[in-house]
Each structure stands twice: as C-alpha cells, then as structure tokens.
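Enquirer: Just so you know, we're using this note's numbering here: the sequence shown kicks off at 1269 and counts up by one.
Dumping the structure here so I can ask a few things about it.
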Amino acid sequence: MRHIIWDWNGTLFDDLHLTVEAVNESLAKFNVPPIDSDRYRDHYTRPVALFYERLLDRDITVEEWRLIDTTFHDFYRLALPRAQLARDARSALESVRDRGWSQSILSMWWHEELVPFVTGYGLDPLMVRVDGNRGDAGETKRAHLERHLSDLGAAHDVILVVGDSLDDAQAAAEAGVPCVLYDGGAHHRSELEAAGVPVVDTLLAALDA
Ligand SMILES: [Mg+2]
C-alpha cells in the first residue's frame, strides 16, 4: 500500500510563532535579546543545540542545553492552545485516505505529548502509526526515520515524506525515500529550494508534487 509520512511541527501543526516565542524564553535565561521569525530562519538548524550556539555565539555546556530545552518545552506546552492545524492539514489527510493510501506521523516532539495531542484532534483513526521522540532532546531525524520505516514494515510502500525542515529532507535522502518540503516558515524559501526536493506552499500540493 502506498504510504505518506508526515512531519508534525511546522507541517501538519502550524506552530512556528509559538516556537519563536519559546526560543526567546530560553534566550532570556542568558540575557540574550529576543529574535524574530526572520532571525530564526537565519539560524535554525539541527541538532538544535547548534542553533542555540549560533544565537549565543559561543559553545554551550550540557547543563545549559538542559536548561534551554526545559525552558523551551515548559513555555511551548503552556502556549499550545494558541496554535492550530495547518490550514489544509485535515483536507490533505482525508485526501490521502480517499486515495486508498496509508499514512503516519513521525515527529521529533516528545512521544508521550504528541500522541494525546494527535488524538485530541481526532487524527489517530487516519494514521497507521504516530511516532514521536523517545530518545534524547534535539536529535536529528535520521535514526528516527529508519526506525519508523522498519516498524511500518514492507506492507507499506513509502512514497513520500512531507516535512518543513532541511532535517526532514536529509533524513529522507539518507533513507532513500522521496521528500517534499512544505514552506511552513522555519527556513528561508531559498534554503528549502537548495535542498534539491520539490517545495510546496500547501499540504495538498505536496501530494501531487
Ligand atoms: Mg517540522
């Protein structure tokens, strides 16, 4: 069965504004002035610790990284009601179902928080798997995608990964799976285009890319 793997944050879930605010909450712990979404796009990368090293313009210690990560997630959790699904997320997921394809979510957000959230939106019946991060904070997606693919098994012929970050494209390339990048705002458009995969403005368009 043809299968689509969706990213969550910045792709199905439109939360870039909260992410930038949460980053600023972390930066405030270091007396670093807040950034805007454009500056976020200038510096965003994975592993996320490297992103903060760019913003602080120095190396960070393991303890500092823990403080950053905890601060980020504490803020993000409280701010969550101020974000929602991407405009055409529901139509895109229903379109996959109506095509007779299967689909799943693979996110780097904490697994225990992701699953109830996806369920809360009523999306779980559309998914054969929902996998979040059960590993360390701020990893790259590559190992997670490999595990997700192996858990999906051979019955699902993965034809596409849809994500919003260069990390999604890199993970897909390393796993040998096609990828489309959705311009959800985390990177400059030119950077997405330089990744060498199709770039789309809507999730529905990703299905036909
Ligand atoms: Mg994302």
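All residues carry an ideal CB built from backbone N, CA and C; glycine is no exception.
In or out: Q1352 buried (at least 16 other Cβ within 10 Å) or exposed?
Expert: Taking the first residue of the sequence shown as 1, we reach residue 1352 at position 84. By the 10 Å Cβ count, Q1352 comes out exposed.
Enquirer: Output the boundary residues of the alpha helix (DSSP H) element that contains G1390.
Expert: To locate residue 1390, count along the sequence shown from 1; it is residue 122. Element bounds for G1390: n/a, residue is neither H nor E.
Enquirer: Per the contact definition of three or more C-beta pairs closer than 8 Å, is the stretch 1452-1468 in contact with the stretch 1329-1347?
Expert: With a cut-off of 8 Å, the stretch 1452-1468 and the stretch 1329-1347 do not count as touching, because too few Cβ pairs lie within range.
Enquirer: For N1401, count neighbouring C-beta atoms within 10 Å of its own C-beta (all shown protein chains included) and say buried if the count is 16 or more, exposed if not.
Expert: Position 133 of the sequence shown, counted from the start, is the residue given in the question as residue 1401. Buried, by the Cβ-count rule.
Enquirer: Taking all protein chains shown into account, decide if S1370 is buried (16 or more other Cβ within 10 angstroms of its Cβ) or exposed.
Expert: Translated into the one-based positions of the sequence shown, residue 1370 becomes position 102. Its Cβ being crowded by 16 or more others within 10 Å, S1370 is buried.
Enquirer: Enumerate, from N- to C-terminal direction, the unbroken alpha helix (DSSP H) stretches of 4 or more residues contained entirely within the stretch 1401-1441.
Expert: Listed in chain order, the complete alpha helix (DSSP H) runs (minimum 4 residues) inside the stretch 1401-1441 are 1410-1420.
Enquirer: Alpha carbon to alpha carbon, how far is M1376 from A1357? Give it in angstroms, no decimals.
Expert: For the purposes of this step, residue 1357 is taken as the residue at position 89 of the sequence shown. For the purposes of this step, residue 1376 is taken as the residue at position 108 of the sequence shown. Straight-line Cα distance between these residues: approximately 18 Å.
Enquirer: By DSSP's criteria, R1397 is part of a beta bridge. Which residues make up the other side?
Expert: Here residue 1397 corresponds to residue number 129 of the sequence shown, with the count starting at 1. Beta-bridge pairing links R1397 to S1372.
Enquirer: Should D1469 be listed as close to ligand 1, given that the test is whether its C-beta is under 6 Å from any heavy atom?
Expert: Indexing the sequence shown from 1 puts residue 1469 at position 201. No, the beta carbon of D1469 sits no closer than 6 Å to any heavy atom of ligand 1.
Enquirer: When you get a sec, list the residues whose CB is within less than 6 Å of any heavy atom of ligand 1, chain order please.
Expert: D1275, N1277, G1278, T1279, G1431, D1432 and S1433
Enquirer: To the nearest angstrom, how far is the alpha carbon of H1271 from that of G1431?
Expert: One-based indexing of the sequence shown puts residue 1271 at position 3. One-based indexing of the sequence shown puts residue 1431 at position 163. Each residue's alpha carbon lies about 14 Å from the other.
Enquirer: Quick one: which unbroken alpha helix (DSSP H) runs of 4-plus residues sit fully inside the stretch 1322-1369? Chain order, please.
Expert: If we require 4 residues or more, the alpha helix (DSSP H) runs fully inside the stretch 1322-1369 come out as 1330-1347 and 1357-1366.
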